[in-house]
Amino acid sequence: MKTYKAPHSDSEVSSVVLGLMRIAQMDNSEIRALFDTAREAGITVFDHADIYGGARHRCEERFGEAVTLTPSERESIVIQSKVGIRHGWFDFSRDHILKTVDESLAALKTDYLDVLLLHRPDALVEPEEVAKAFDTLEASGKVRQFGVSNHTPGQIELLKSAVKQPLRYNQVQLSITHANLIAQGVAANMDGSDQSISRDIGLLDYSRLNGMMLQAWSPFQKGFFDGVFVGDRESHPELNDELDRLAKAYGVTPTGVAVAWITRHPANIQVVLGTTKPQRVRECAAGSDINLTREEWYSLFRAAGHIVP
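Numbering (the UniProt record's numbering), first residue to last: 1 to 309.
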């Protein structure tokens, strides 16, 4: 498993993250088997959110019930969760953040979160409110590190006007086919090309310049929840031909190659899995070890339909 140096830290984190948004209906033995497989594969980061599972904190609760950790085991992993999404609205108020973290800790059966992310930008955000919540959580030891999810550079800078803790992570959607985060810069200043339109206002370069680690959610989705591109020869025949060719060359699966495309990027982007199948976890972990050449990386980029001017 390829590892990265964590932002503003000497510690290492796995390049692949196990997302746990789909475990609500699994039994304890299945959840534990999924967790054990991830650990055996070298995964150290486990991703939650208060809204995962239908009922609030349901997936966190299932994880806490199924995965019993010794103190040393707990210290060896990173548990992160998210806050801010409510039913039809967003809420970054101090009271909601503090209440939600307490609920997450109780559900997960842990004394602290390694990372807390603000889930989606709150249009009514008051940075001073967020700052008060983060100060309280840090002082109490309930949260060790902070970050955001789906935020633009300007939204991050606004938070930083009041928040004193480093914002270390930003979880965003990214896959070979849903890659405007990367593709826009390749086609910058090209009139008439949809690829040249910036949808995140320079987030990739901003993150690298400011020492923020990006985490890629939905790494196998064609678009915004439009289905998986791996194996979809009707929509992406050229891409799947290239995935198959490289999978054979490297002795991994096409899914592993899709992971390698993301982890090859020098921004050290983590890949967030959503699978509940141990074998898929193994396939993805194996892909993280592959160091695609520039030519191979761009061959996948072009096969996905992106322009290389």
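We treat Cβ as the ideally placed atom computed from N, Cα and C, and that holds for glycine.
How do the region 279-297 and the region 244-264 stand: do at least 3 beta-carbon pairs fall below 8 Å, yes or no?
Judged by Cβ distances under 8 Å, the region 279-297 makes contact with the region 244-264, as three or more pairs qualify.
For Val308, is the classification buried or exposed, using 16 other Cβ atoms within 10 angstroms of its Cβ as the cut-off for buried?
Taking the sequence shown and counting its residues from 1, one reaches residue 308 at position 308. Within a 10 Å sphere around the beta-carbon of Val308 sit fewer than 16 other beta-carbons, which makes this residue exposed.
Spatially closest choice to Asp114 from Ser9, Ala188, Asn291 and Ala247, by CA coordinates
As a working mapping, residue 114 is identified with position 114 in the sequence shown. Nearest in C-alpha terms to Asp114, of all of Ser9, Ala188, Asn291 and Ala247, is Ser9.
Three Cβ pairs or more, each shorter than 8 Å: is that satisfied between the region 115-135 and the region 77-92?
Two segments are said to touch when three or more pairs of C-beta atoms, one from each, lie closer than 8 Å; by this definition the region 115-135 touches the region 77-92.
Assign Trp217 to one of two classes, buried (16 or more other C-beta atoms within 10 Å of its C-beta) or exposed (fewer than that).
Indexing the sequence shown from 1 puts residue 217 at position 217. Burial is judged here by how many other beta carbons sit within 10 angstroms of a residue's own beta carbon; Trp217 has at least 16 and is buried.
Own chain partners of Pro127 with C-beta closer than 7 Å, once the 5 adjacent residues on each side are dropped
Locating residue 127 in the sequence shown gives position 127, where the first residue counts as 1. Leu158, Leu159, Ser161, Ala162 and Val163.
Going by DSSP in three states, Asp260 sits in which element: helix, strand or coil?
Your numbering for residue 260 matches position 260 in the sequence shown. Looking at the sequence provided, one finds Ala at residue 260 rather than Asp. Ala260 falls in the helix class under three-state DSSP.
Evaluate Gly88 with the Cβ neighbour count: other Cβ atoms within 10 Å of its Cβ, from every protein chain shown; 16 or more gives buried, anything less gives exposed.
The residue labelled residue 88 in the question sits at position 88 within the sequence shown. So Gly88 counts as exposed.
Residue(s) in a DSSP beta bridge with Asn170:
Your numbering for residue 170 matches position 170 in the sequence shown. According to DSSP, Asn170 bridges with Val148 and Leu214.
How many Å lie between Leu214 and Lys2 at the Cα?
The sequence position of residue 214 within the sequence shown is 214, counting from 1. The sequence position of residue 2 within the sequence shown is 2, counting from 1. In a straight line, the C-alpha of Leu214 is about 15 Å away from that of Lys2.
Quick check: the Cα distance between Thr255 and Ala304, rounded to an integer number of angstroms?
In the sequence shown, counting from the first residue as 1, residue 255 sits at position 255. In the sequence shown, counting from the first residue as 1, residue 304 sits at position 304. Computed Cα separation, rounded: 14 Å.
Mind checking Ile79: buried by the 16 CB within 10 Å criterion, or exposed?
For the purposes of this step, residue 79 is taken as residue 79 along the sequence shown, with counting starting at 1. Answer is buried; the Cβ neighbour count reaches 16.
Got a sec, what are the start and stop residues for the alpha helix (DSSP H) Ala186 sits in?
Taking the first residue of the sequence shown as 1, we reach residue 186 at position 186. Note that residue 186 corresponds to Val in the displayed sequence, not to Ala. In the DSSP assignment, Val186 falls within the unbroken alpha helix (DSSP H) covering Asn180 to Val186.
Exposed unless 16 or more other CB atoms sit within 10 angstroms - verdict on Glu40:
If you number the sequence shown from 1, residue 40 lands on position 40. Exposed, because fewer than 16 other Cβ atoms sit within 10 Å of the Cβ of Glu40.
How far does the beta strand (DSSP E) with Lys45 in it reach, from first residue to last?
For the purposes of this step, residue 45 is taken as the residue at position 45 of the sequence shown. As written in the sequence, residue 45 is Val, which differs from the Lys given in the question. Val45 -> beta strand (DSSP E) spans Val45 to Asp47.
Are there three or more Cβ pairs, one per stretch, closer than 8 Å when the region 283-294 is compared with the region 238-258?
Yes, they touch.
Who does Phe90 pair with in a DSSP beta bridge?
Stepping through the sequence shown from its first residue, residue 90 is reached at position 90. Phe90 pairs with Ile85.
Using the three-state DSSP reduction, which class does Glu12 fall into: helix, strand or coil?
To locate residue 12, count along the sequence shown from 1; it is residue 12. Strand at Glu12.
Use the C-beta contact count for Arg62: other C-beta atoms within 10 angstroms, 16 or more gives buried, fewer gives exposed.
Walking along the sequence shown from the start, residue 62 turns up at place 62. Arg62 is buried by the Cβ-count criterion.
Which whole-angstrom value is the C-beta distance of Leu273 and Cys284, which I expect to be below 8 Å?
By one-based count along the sequence shown, residue 273 stands at place 273. By one-based count along the sequence shown, residue 284 stands at place 284. Contact between Leu273 and Cys284 is confirmed by a C-beta separation of about 6 Å, below the 8 Å threshold.
When Phe220, Thr44 and Ser235 are compared against Val228, the one with the closest alpha-carbon:
As a working mapping, residue 228 is identified with position 228 in the sequence shown. Selected option, being the one with the closest Cα: Phe220.
Minimum C-alpha distance to Gly53 - residue among Ser76, Ile31 and Gln25:
The sequence position of residue 53 within the sequence shown is 53, counting from 1. When C-alpha distances from Gly53 are compared across Ser76, Ile31 and Gln25, the shortest belongs to Gln25.
DSSP state of Val17 mapped onto helix, strand, coil:
For the purposes of this step, residue 17 is identified with residue 17 of the sequence shown, where counting begins at 1. Strand at Val17.
Taking Leu113 as part of the alpha helix (DSSP H), name the residues at either end of that continuous run.
By one-based count along the sequence shown, residue 113 stands at place 113. That residue, Leu113, is in no alpha helix (DSSP H); its beta strand (DSSP E) goes Leu113 to Leu118.
Got a sec? Which residues, its chain only, sit under 6 Å from Glu103 by beta carbon, not counting five neighbours each side?
Taking the sequence shown and counting its residues from 1, the one referred to as residue 103 is at position 103. For Glu103, where only same-chain residues beyond five positions count, the Cβ hits under 6 Å are His57.
Give me, in chain order, the residues of the same chain whose beta-carbon lies closer than 6 Å to that of Gln97; leave out the 5 immediate sequence neighbours on both sides.
Along the sequence shown, read from residue 1 onward, the residue named residue 97 stands at position 97. The sequence shown places Ile at residue 97, not Gln. Scanning its chain for C-beta atoms nearer than 6 Å, with the 5 sequence neighbours on each side dropped, one finds around Ile97 the residues Val83 and Ala133, in chain order.
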